[in-house]
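Those letters in the sequence shown? Residues 1 to 262, by UniProt numbering.
Report on one structure; see the data block that follows.
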Amino acid sequence: MRGRAIDVRKSAVLLIAAVVLTGCNDIDTAAPAPSRGTPKATPSKAPATPAPSPTHRKLKPGAKGPDVQALQRRLKALHYDPGKADGKYGPSTQTAVWAFQAVNRLKQKSTLSASFWKALDAPKEPRPVAKKRENNRVDVDLKRQYLVLYKNGTPRLITHVSSGSGEYYCAKDRGATVARCRYATTGTGDFRTGRRASGWETSPLGQLYNPIYFNGGIAFHGALDVPMQPASHGCVRMPMHIAEYFPDLVGTGVPVHVRRPR
Numbered sequence: 001m002r003g004r005a006i007d008v009r010k011s012a013v014l015l016i017a018a019v020v021l022t023g024c025n026d027i028d029t030a031a032p033a034p035s036r037g038t039p040k041a042t043p044s045k046a047p048a049t050p051a052p053s054p055t056h057r058k059l060k061p062g063a064k065g066p067d068v069q070a071l072q073r074r075l076k077a078l079h080y081d082p083g084k085a086d087g088k089y090g091p092s093t094q095t096a097v098w099a100f101q102a103v104n105r106l107k108q109k110s111t112l113s114a115s116f117w118k119a120l121d122a123p124k125e126p127r128p129v130a131k132k133r134e135n136n137r138v139d140v141d142l143k144r145q146y147l148v149l150y151k152n153g154t155p156r157l158i159t160h161v162s163s164g165s166g167e168y169y170c171a172k173d174r175g176a177t178v179a180r181c182r183y184a185t186t187g188t189g190d191f192r193t194g195r196r197a198s199g200w201e202t203s204p205l206g207q208l209y210n211p212i213y214f215n216g217g218i219a220f221h222g223a224l225d226v227p228m229q230p231a232s233h234g235c236v237r238m239p240m241h242i243a244e245y246f247p248d249l250v251g252t253g254v255p256v257h258v259r260r261p262r
């Protein structure tokens, strides 16, 4: 009897062990792997601020780089002449910028910021200054100091100019013995291109480069100094690099309209 009791106890122990082993296997299958501890929260990184487009950097004279070159090419495509697209913001680029600002009714300044880039993306066409709109003509806006050369009805060249300063001065005319005093003004009206000269021509008031006369002694001509404001004795000064080829674009007898529009 004692041996039989021992066998019963052994059977019970084996049965309990089987139940326990079966329960562990179910837990291993159904439950997730035990955690090794609460992971530390990783702070999410703020999205990086995108760098501004190169052509939307604030630029001023003296700046250099591919963004300046892109500006020069864009101005050239719009018929403004910044000179060679060399990536240098020099005087030629500056005068082209002034002309663009004038046509687009922006404040003329040399430092370029957001308002300039916005206008460059959606530029305006220059407004004709006179009712007469010949296909081939020159329009001069004295108020905003720019000139537009039209060929076949469309702008071929838009450039900054500097016209009469309005100051009072005295000078001897050609062949005169007595000085005549007057105001340095560029008269408005409708004219036509006439006499011209190649290279430097000396006048009673100074030297004119490649002058093309259109109103008596008043001419379009290149000058070493073409400031933002009116500064001449009455002629229409233009940048030297433009005066180099301007006579090739403008024939004799071409209509010239000079106005001071609102």
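Positions of the beta carbon are idealized from the N, C-alpha and C atoms, including for glycine.
Exposure of residue i, with buried meaning 16 or more beta-carbon neighbours within 10 Å
i           : result
residue 163 : buried
residue 202 : exposed
residue 135 : exposed
residue 243 : buried
residue 97  : buried
residue 196 : buried
residue 141 : buried
residue 181 : exposed
residue 245 : exposed
residue 150 : buried
residue 133 : exposed
residue 237 : buried
Backbone CA spacing between residue i and residue j [nearest angstrom]
i           : j           : result
residue 117 : residue 90  : 18 Å
residue 84  : residue 99  : 17 Å
residue 73  : residue 81  : 9 Å
residue 204 : residue 261 : 30 Å
residue 225 : residue 239 : 8 Å
residue 86  : residue 59  : 15 Å
residue 172 : residue 166 : 18 Å
residue 230 : residue 145 : 7 Å
residue 211 : residue 114 : 38 Å
residue 228 : residue 107 : 11 Å
residue 77  : residue 233 : 32 Å
residue 249 : residue 223 : 18 Å
residue 247 : residue 178 : 33 Å
residue 283 : residue 184 : Residue 283 is absent from the model: the chain starts at 1 and stops at 262.
residue 61  : residue 119 : 19 Å
residue 170 : residue 186 : 16 Å
residue 190 : residue 158 : 19 Å
residue 199 : residue 208 : 8 Å
residue 214 : residue 111 : 34 Å
residue 93  : residue 79  : 13 Å
residue 235 : residue 121 : 33 Å
residue 75  : residue 155 : 13 Å
residue 131 : residue 188 : 14 Å
residue 175 : residue 251 : 28 Å
Rounded distance between the beta-carbons of residue j and residue i, thought under 8 Å
i           : j           : result
residue 259 : residue 129 : 4 Å
residue 256 : residue 138 : 5 Å
residue 193 : residue 253 : 6 Å
residue 88  : residue 109 : Wrong, their Cβ atoms sit about 19 Å apart, outside the cutoff.
Does the pairing of the region 95-110 with the region 124-139 give three or more beta-carbon distances under 8 Å? yes
Would you call the region 60-75 and the region 215-232 in contact, with 3 or more CB pairs under 8 Å? no
Unbroken stretches of the beta strand (DSSP E), 3 residues or longer, contained in the UniProt domain "L,D-TPase catalytic" (136-259): 137-141, 146-151, 154-160, 168-171, 180-183, 189-192, 200-203, 206-215, 218-223, 236-239 and 255-259
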